[in-house]
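Scroll down for the structure; my scribbles are underneath it.
Protein chains: 2
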Amino acid sequence: MNNFNFKNPTEILFGKGQIAEVRTRLPENAKVLFLYGGGSIKKNGIYEQVIDVLEGIDAVEFSGVEPNPSYETLSKAVAVVKAQNINFILAVGGGSVIDGAKYIAAAANYNGDGWDILQGTQVTSALPVGAVLTLPATGSESNGNSVVTKKSTQQKLPFSSPLLQPQFAVLDPEYTFSLPSKQISNGVVDAFVHVMEQYLTYPVNTPLQDRFAEGIVQTLIEEGPKALKNPQDYDTRANLMWSATMALNGLIGQGVVQDWSTHMIGHELTALYGLDHAQTLAIVLPPLMYVQREQKQEKIVQLGQRVFGLEAENQAQLIDATINAVQSFFEQMQVKTRLADYDLDDSIIDEVIANLEKNGMTQLGEHQDIDLAKAKQILTLAL
Amino acid sequence: MNNFNFKNPTEILFGKGQIAEVRTRLPENAKVLFLYGGGSIKKNGIYEQVIDVLEGIDAVEFSGVEPNPSYETLSKAVAVVKAQNINFILAVGGGSVIDGAKYIAAAANYNGDGWDILQGTQVTSALPVGAVLTLPATGSESNGNSVVTKKSTQQKLPFSSPLLQPQFAVLDPEYTFSLPSKQISNGVVDAFVHVMEQYLTYPVNTPLQDRFAEGIVQTLIEEGPKALKNPQDYDTRANLMWSATMALNGLIGQGVVQDWSTHMIGHELTALYGLDHAQTLAIVLPPLMYVQREQKQEKIVQLGQRVFGLEAENQAQLIDATINAVQSFFEQMQVKTRLADYDLDDSIIDEVIANLEKNGMTQLGEHQDIDLAKAKQILTLAL
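Same order as they appear, the protein sequences are chains E and G. Counted the way this note's numbering counts, the first sequence spans residues 4 to 386. Counted the way this note's numbering counts, the second sequence spans residues 4 to 386.
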């Protein structure tokens, strides 16, 4: 096992009606930015619940955070925060709204253009953030990570700081009942790939982390299709929600090596062609497994045997069967796995590669051995 | 899944050499109580490492905390803390020293006899605690729980508060290399039973918590015997250490019902006859599973099938086989499972039952249906 320092101080408030706890978790004299997205919370009653909780508390609403939160929109929120001396960001939504809240929290306390932070300037101060999660997927509610897109330059970049870890996160499974099935599909694929980025790597001797990772994806495989079939099944939604949080709250990634190349290549497909984040992951992961089959062989075989219950005559066949099983699961979750499914052909490849190069993504993977040539190979297999 | 609120703010500092991090984690102007046990840290070099880290920091040593930390000894430490205005407790040892540190931390800030806290007075203030773990077993390094024994009345009682959660915990697997094998044996059994108290209960629909629990005990079953055989194998010790922490850091107990009757009955055996904590658990759990086989049937079967890979012609046989497998694992770990192994016979039963009654332990288990008659049945089967 590798050395690690790990702390996750986010308080999880899990279950029906937990929104009521938010009031006691806000600091005294809070002046709150109530941040949300496109307004679905106004249709499903969550908006009213938040307004109730904020009664008597000084709060300013800011809506319109996009599915891939943009620097352009978030900068307007930063201006509001600065002008009105807001001291707490309450994010109500999915990973995009929470990621956006983290950017606002950091940029509001930064003396300069917030985009610097996406380009490597370290976060040294941030406003406190709280989250009310409406979409189980990214794990952003319980980590210090964020991804922001600059529309003007078609760049989608991640940043991270322990200072951005939400102080609390409300996870009410009932909040997911009204989600469009596409969002559940995307969320399950996103959480699945988060686990793979931390598990499907060059093996370190960490049997407990392995089993936790396998436990999460087994749960996603069992509960994901049920969640599509029975949208009002509380326990199914609860199990998905908890799995998605556990997939990226830091736990399973301690003591191991991590990959994240699927995400980095996927980000370019979103930045350039507007594909949903999860769609890009479903496209990139299977061919990436294929191209990295030697480096990742031990873990691919373990995944196939333990999670998918596969057997085969030899290791090569088992690896092929495991990659197929992953791809089939994405398809079963109604997420397409080919560039062609989105009318993208080989004419895009050079553009993606150029963007990877521009963003410094030229040595990806847990071995830093996914160079631009390999990325090209992966994208070609994804056609 | 049941509703829950969960936060674990302890910073885990895991791996070789992590003791060096302690210095930066102590508060400014810290006046430290350096608390330890019987002095084994003076033989294995850990004492010197702690002294190095505390160089230039105002610190007072207090040693002699017993394996079951006593109110009598800890009260002396509380007096030192109060007299010398100590503001930080650094526990260096196993669960007993860390449990003791928590008692000192709470009693030092309590205006009255600290034993009140064991009898139900809530902790409203406590000094900060940090832990350097030398023995993987109790999970005390990453939770707010403590158990203290009053020798004069032969009472061993638990208490708990989020205020007692250590701020940091150093987990250096090398610190376990010099442990006597008995301590490894006891630690593995203790961690195993911690998982069972949270897993082997009336089932709630929580597949992820189930799999995490199964992952921990599978790891203990694999690594425990290896740890006895190869005491200097770093990865084996690391995997055990992390498993023991994860067994009782709150994670697997969220959203489920919990039992803890094996612990409560076991505590009386320690208080009255001085058995090691883990020895009492190994004695009590198998007959408790037998007596509660109907209430726990679904989980016992799941444990047998998933963890021990058992098959049987019918459910009754599978339950019997699973109970046998648990008992055999304890024996394989060199921990005896019968009262007779410690020269205790049926003459003790009434005394144990009387102590349970005195301590209010008359409705134990996740259904509160383990009354004194059932406790008697369990102890009789344990002869």
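The C-beta atom is built at its ideal place from N, Cα and C for all residues, glycine as well. Computed from a predicted model, the values in this text were never measured in an experiment.
- In the structure shown, the three-state DSSP call for Val338/E is coil.
- The continuous stretches of beta strand (DSSP E) do not include Asp236/G, and DSSP gives it neither H nor E.
- Per the coordinates, the alpha-carbon of Ile22/G lies some 36 Å from the alpha-carbon of Gly98/E.
- For Gln300/E, the enclosing alpha helix (DSSP H) has its first and last residue at 300-305.
- For the pair of segments examined, the segment 99-108 of chain G was found to touch the segment 127-147 of chain G: the number of CB pairs separated by less than 8 Å reaches three.
- In the structure shown, Asp213/E adopts helical secondary structure according to DSSP, grouped into three states.
- Contact of Ile15/E with chain G is assigned, a C-beta pair being separated by under 8 Å.
- Residue burial annotation: Lys105/E is buried, with at least 16 other C-beta atoms found within 10 angstroms of its C-beta.
- Taking 8 Å as the cut-off, the Cβ atoms of Ser264/E and Leu367/E count as close.
- Closer than 9 Å at the C-beta level to chain E, one finds no residue of the segment 323-351 of chain G.
- Only residues of its own chain outside the window of five on either side were considered, and among them Tyr202, Leu203, Thr204, Pro206 have a CB closer than 7 Å to the CB of Lys302/E, listed in chain order.
- Membership of Ser43/G in the alpha helix (DSSP H) is indicated by the continuous run 43-46.
- Look at Gln168/E here: in three-state DSSP terms it is coil, with no helix or strand label.
- Judged by beta-carbon spacing, Ala108/G lies within the 8 Å limit of Leu130/G, meaning their Cβ atoms are closer than that value.
- Membership of Lys153/G in the beta strand (DSSP E) is indicated by the continuous run 148-153.
- In this structure, DSSP gives Thr27/G a helical state, which the three-state scheme calls helix.
- Excluding sequence positions up to five before and after Ser164/E, its CB lies within less than 6 Å of the CB of Val126, Gly147, all in the same chain and listed in chain order.
- Among the residues of the segment 5-30 of chain E, those with a Cβ less than 8 Å away from any Cβ of chain G are Asn5, Asn6, Phe7, Asn8, Phe9, Lys10, Asn11, Pro12, Thr13, Glu14, Ile15, Leu16, Phe17, Gly18, Lys19, Gly20, Gln21, Glu24, in the order of the chain.
- Taking 8 Å as the CB threshold, Ala241/G lines the interface with chain E.
- Counting along the chain, Phe195/G sits inside no beta strand (DSSP E); it lies in the alpha helix (DSSP H) bounded by residues 184-202.
- Considering only Leu375/E, Asn358/E, Ile352/E, Pro169/E, the residue with the shortest C-alpha distance to Thr383/E is Ile352/E.
- Here Asn32/G is exposed: its Cβ has fewer than 16 other Cβ atoms, across all protein chains shown, within 10 Å.
- Shown here for Met4/E: same chain residues with a beta carbon closer than 7 Å to its own, the five before and five after excluded, namely Val207, Asn208, Thr209, Gly258 in chain order.
- Distance from the CA of Lys229/E to the CA of Leu254/G, rounded to the nearest whole angstrom, comes to 25 Å.
- From the beta-carbon of Glu225/G, the residues of chain E found nearer than 8 Å are Pro210.
- The three-state secondary structure of Lys79/E, taken from DSSP, is helix.
- Taking 8 Å as the upper bound for CB-CB distance, Leu38/E and Phe65/E are in contact here, some 5 Å apart.
- For the segment 259-293 of chain G, there are no residues whose beta carbon sits under 7 Å from a beta carbon of chain E.
- Residue contact with chain E for Asp119/G: absent (no Cβ-Cβ distance below 8 Å to any residue of chain E).
- Per DSSP, reduced to three states, the secondary structure at Thr383/G is helical.
- With a beta-carbon spacing of about 20 Å, Gly218/E and Leu313/G fall beyond the 8 Å limit used to define contacts.
- Taking all protein chains shown into account, Thr179/G has 16 or more neighbouring C-beta atoms within 10 Å of its C-beta and is therefore buried.
- Classified as exposed, Glu58/E has fewer than 16 neighbouring CB atoms from the shown chains inside 10 Å of its CB.
- The CB of Asp238/E comes closer than 7 Å to the CB of Met4, Asn208 in chain G, given here in chain order.
- Restricting attention to Met249/E, Thr152/E, Val35/E, the CA atom closest to the CA of Phe91/E is found in Val35/E.
- Under the Cβ criterion of 8 Å, Arg309/E is not counted among the residues facing chain G.
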